[in-house]
Amino acid sequence: AAKFSREAVSSGNLESLPLVMDPNSICRKAKRLAGKQAELCQTQPEIVSEVAKGARLGVRECQYQFRYRRWNCTSHNKYFGKILQQDIRETAFVYAITAAGVTHAVTQACSMGDLLQCGCEATRNRWEWGGCGDDVEFGYEKSKQFMDAKRRRGKSDIRTLIDLHNNEAGRLAVKLYMRTECKCHGLSGSCTLRTCWKKMPHFREVGDRLLERFNGASKVMGGNDGKTLIPVGQNIKPPDKQDLIYSDESPDFCLANRKTGTAMDISGCDLLCCERGYREETVVFEENCLCRFHWCCVVQCKKCLVRKELSLCH
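Take any residue in the sequence shown, note its place counting from 1, add 90, and you have its number in my numbering.
As structure tokens, this is what we get:
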């Protein structure tokens with residue numbers, strides 16, 4: 091059976107995620123699994139550990155991106171799970187950002203030499219390509235194996251199709267936006283020889299990109315064949331592979347609703363405070379500033395007073 095470090099299992103808030111997004115919970119039930127997930131759990135536990143890190147990475151980014159919204163991607167067990175039982179915009183983002191996080195974390199582990207099964211991306215032209223490129227294909231495939239394998243049982247086909255689509259959109263937000271980095275070699279800074287490698291986008295860029303897709307997410311319904319999804323509304327173009335999709339409207343996150351667990355401008359105070367009003371306060375606090383690095387290895391900073399205007403809900 092697979093074994094995991096204490097840190098990999100217990101840190102973060104993975105316990106609040108549904109089973110499909112909680113790799114360690116799945117592996118604790120490995121005897122009842124079949125297929126790719128069971129194989130990964132039993133033969134490659136170190137990869138599953140990176141999958142778990144990627145899931146946490148995705149949830150943290152979700153919390154950052156939604157920090158000014160009514161639903162702030164809370165990871166509280168009771169509320170998070172209830173939200174993810176519905177095919178709403180918020181669920182689409184969570185599935186996408188988590189699949190992206192798994193892709194990113196596994197790929198990063200390959201580049202850092204933490205996994206025996208992979209390493210740097212294979213060089214293309216040895217005279218031009220070098221360094222350690224991120225092998226995003228390996229991270230992409232492992233994310234696909236783990237995140238897509240556990241289909242919801244007893245649910246309609248449309249929910250499975252939506253989840254799989256949003257998982258893929260998350261992975262593509264990493265895979266399709268690789269950038270090329272190069273380093274010149276030569277006398278006096280000349281670039282007579284250049285080595286280049288592929289790097290993943292920073293995960294904050296991935297989160298920003300998926301938030302744009304969230305804001306423009308497409309509402310869909312199942313086609314008559316049960317295998318396709320079609321947009322709701324006239325003259326709406328079909329969503330592409332990078333778009334996020336959903337089938338149900340989001341609830342009002344201000345009104346008490348046992349089902350969802352919830353007690354202008356999307357980040358405005360009137361919307362965020364559920365029309366209860368807000369007050370403005372000025373606070374002054376101390377923070378480090380004018381920091382300098384002294385060789386080697388000390389950072390010295392001065393203390394500065396900072397004034398901030400805060401808006402607080404009633």
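Ideal Cβ placement from N, Cα and C applies to all residues, glycine included.
Fair warning: this is a prediction, and the values are worked out from it, not measured in the lab.
What do you get for Lys-273, buried or exposed, if any count of 16 or more other CB atoms within 10 angstroms of its CB means buried?
Against the sequence shown, residue 273 aligns to sequence position 183. Under this definition Lys-273 is an exposed residue.
Neighbourhood of Arg-66 by C-beta distance below 7 Å, restricted to the same chain and skipping five residues each side
No information on residue 66 is available, as it lies outside the stretch 91 to 404 that the chain covers here.
7 Å CB neighbourhood of Asn-162 in its chain, flanking five on each side removed
Locating residue 162 in the sequence shown gives position 72, counting from the first residue. Gln-153, Phe-156.
Which residues mark the beginning and the end of the alpha helix (DSSP H) in which His-404 is found?
Reading the sequence shown from its first residue, position 314 is the one you call residue 404. Unbroken run through His-404: none, as it is neither H nor E.
Between the alpha carbons of Ile-178 and Tyr-230, how many angstroms are there, rounded?
By 1-based counting over the sequence shown, the position of residue 178 is 88. By 1-based counting over the sequence shown, the position of residue 230 is 140. Each residue's alpha carbon lies about 25 Å from the other.
Alpha carbon to alpha carbon, how far is Pro-135 from Ala-307?
By one-based count along the sequence shown, residue 135 stands at place 45. By one-based count along the sequence shown, residue 307 stands at place 217. So the alpha carbons of these two residues sit roughly 35 Å apart.
Could I get the ranges of all uninterrupted alpha helix (DSSP H) runs contained in the stretch 257-308, with 4 residues as the minimum, in chain order?
293-305
Take Glu-180 and list the residues in its own chain whose beta-carbon comes closer than 7 Å to its own, dropping the five residues that flank it on each side.
Translated into the one-based positions of the sequence shown, residue 180 becomes position 90. Result list for Glu-180: Trp-161, Ile-173, Ser-340, in chain order.
Between the Cα of Arg-284 and those of Glu-271, His-404, Glu-295, Phe-293, spot the shortest distance and give me the residue it belongs to.
Position 194 of the sequence shown, counted from the start, is the residue given in the question as residue 284. Of the candidates Glu-271, His-404, Glu-295, Phe-293, the one whose C-alpha sits nearest the C-alpha of Arg-284 is Glu-271.
What does DSSP give as the partner residues of Thr-372 in its beta bridges?
By one-based count along the sequence shown, residue 372 stands at place 282. BP columns for Thr-372 point to Glu-399.
Near Lys-327, which residues of its chain fall below 8 Å by C-beta distance, leaving aside the five closest residues on each side in sequence?
Locating residue 327 in the sequence shown gives position 237, counting from the first residue. The answer, listed in chain order, is Pro-321.
In terms of alpha-carbon separation, which member of Leu-251, Tyr-158, Ile-187, Asp-298 lies closest to Val-149?
Mapped onto the sequence shown, residue 149 falls at position 59. Of the listed residues, the one whose Cα sits closest to Val-149 is Ile-187.
Quick one, which of Gly-367, Arg-382, Thr-250, Lys-232 has its alpha-carbon nearest His-404's?
Residue numbering aside, residue 404 sits at position 314 when the sequence shown is read from its first letter. The residue with the shortest Cα to Cα distance from His-404 is Gly-367.
The beta strand (DSSP E) with Leu-319 in it runs from where to where?
Translated into the one-based positions of the sequence shown, residue 319 becomes position 229. That run of the beta strand (DSSP E) goes 319-321.
Count the other C-beta atoms from every protein chain shown that fall within 10 angstroms of the C-beta of Gly-203, then say buried if there are 16 or more, exposed otherwise.
Here the question's residue 203 lines up with position 113 in the sequence shown. Gly-203 is exposed by the Cβ-count criterion.
Can you tell me whether Gln-207 is helix, strand or coil according to DSSP?
Taking the first residue of the sequence shown as 1, we reach residue 207 at position 117. The answer is coil: DSSP assigns Gln-207 none of H, G, I, E or B.
Assigned exposure category for Lys-331 - 16 Cβ within 10 Å defines buried
Along the sequence shown, read from residue 1 onward, the residue named residue 331 stands at position 241. Flag for Lys-331 reads exposed.
Tell me which residue opens and which closes the alpha helix (DSSP H) that Leu-147 is part of.
Stepping through the sequence shown from its first residue, residue 147 is reached at position 57. First-last of the alpha helix (DSSP H) with Leu-147: 135-155.
Would DSSP call Gln-175 helix, strand or coil?
What you label residue 175 is simply residue 85 of the sequence shown in a count that begins at 1. The answer is coil: DSSP assigns Gln-175 none of H, G, I, E or B.
Check the C-beta distance from Cys-208 over to Trp-287 and give it rounded, since I have them as a contact under 8 Å.
For this step, residue 208 is matched to residue 118 along the sequence shown. For this step, residue 287 is matched to residue 197 along the sequence shown. Actually they do not touch by this definition, with Cβ atoms about 15 Å apart.
Per DSSP, Cys-394 is paired with what?
As a first step, residue 394 is located in the sequence shown; it is residue number 304 there, counting from the start. Per DSSP, Glu-377.
According to DSSP, is Arg-366 helix, strand or coil?
On the sequence shown, position 276 is the one that residue 366 refers to. DSSP places Arg-366 in coil when its eight states are reduced to three.
Would you decide whether Glu-376 is buried or exposed? Buried here means 16 or more other CB atoms lie within 10 Å of its CB.
Position 286 of the sequence shown, counted from the start, is the residue given in the question as residue 376. Result: exposed.
Give me the Cα-Cα distance between Glu-399 and Thr-372, rounded to the nearest whole angstrom.
For the purposes of this step, residue 399 is taken as the residue at position 309 of the sequence shown. For the purposes of this step, residue 372 is taken as the residue at position 282 of the sequence shown. Distance between the alpha carbons of Glu-399 and Thr-372 is about 5 Å.
Is the beta carbon of Val-184 sitting closer than 8 Å to the one on Ser-233?
Counted from its first residue, the sequence shown places residue 184 at position 94. Counted from its first residue, the sequence shown places residue 233 at position 143. No, these two residues do not count as a Cβ contact at 8 Å.
Taking its Cβ as the centre, do 16 or more other Cβ atoms sit within 10 Å of Ser-139, making it buried, or is it exposed?
Working through the sequence shown from its first residue, we reach residue 139 at position 49. So Ser-139 counts as buried.
Measure how close the beta-carbons of Val-310 and Ala-190 come, nearest whole angstrom, since I'm counting them as under 8 Å.
Mapped onto the sequence shown, residue 310 falls at position 220. Mapped onto the sequence shown, residue 190 falls at position 100. Actually they do not touch by this definition, with Cβ atoms about 21 Å apart.
Exposed or buried, which one is Gly-316 when buried takes at least 16 other CB atoms within 10 Å?
Against the sequence shown, residue 316 aligns to sequence position 226. Burial call: exposed.
In DSSP terms, what Arg-160 is bridged to
Along the sequence shown, one-based indexing puts residue 160 at 70. Partner(s): none; Arg-160 has no beta bridge.
Which class does Ile-335 belong to by DSSP, given the choice of helix, strand or coil?
Position 245 of the sequence shown holds residue 335. If DSSP states are grouped into helix, strand and coil, Ile-335 belongs with the strands.
Helix, strand or coil: which one does DSSP assign to Gly-313?
Locating residue 313 in the sequence shown gives position 223, where the first residue counts as 1. It is coil, neither helix nor strand.
Decide if Tyr-336 is buried, meaning its Cβ has at least 16 other Cβ atoms within 10 Å, or exposed.
As a first step, residue 336 is located in the sequence shown; it is residue number 246 there, counting from the start. It is buried - the Cβ of Tyr-336 has at least 16 other Cβ atoms within 10 Å.
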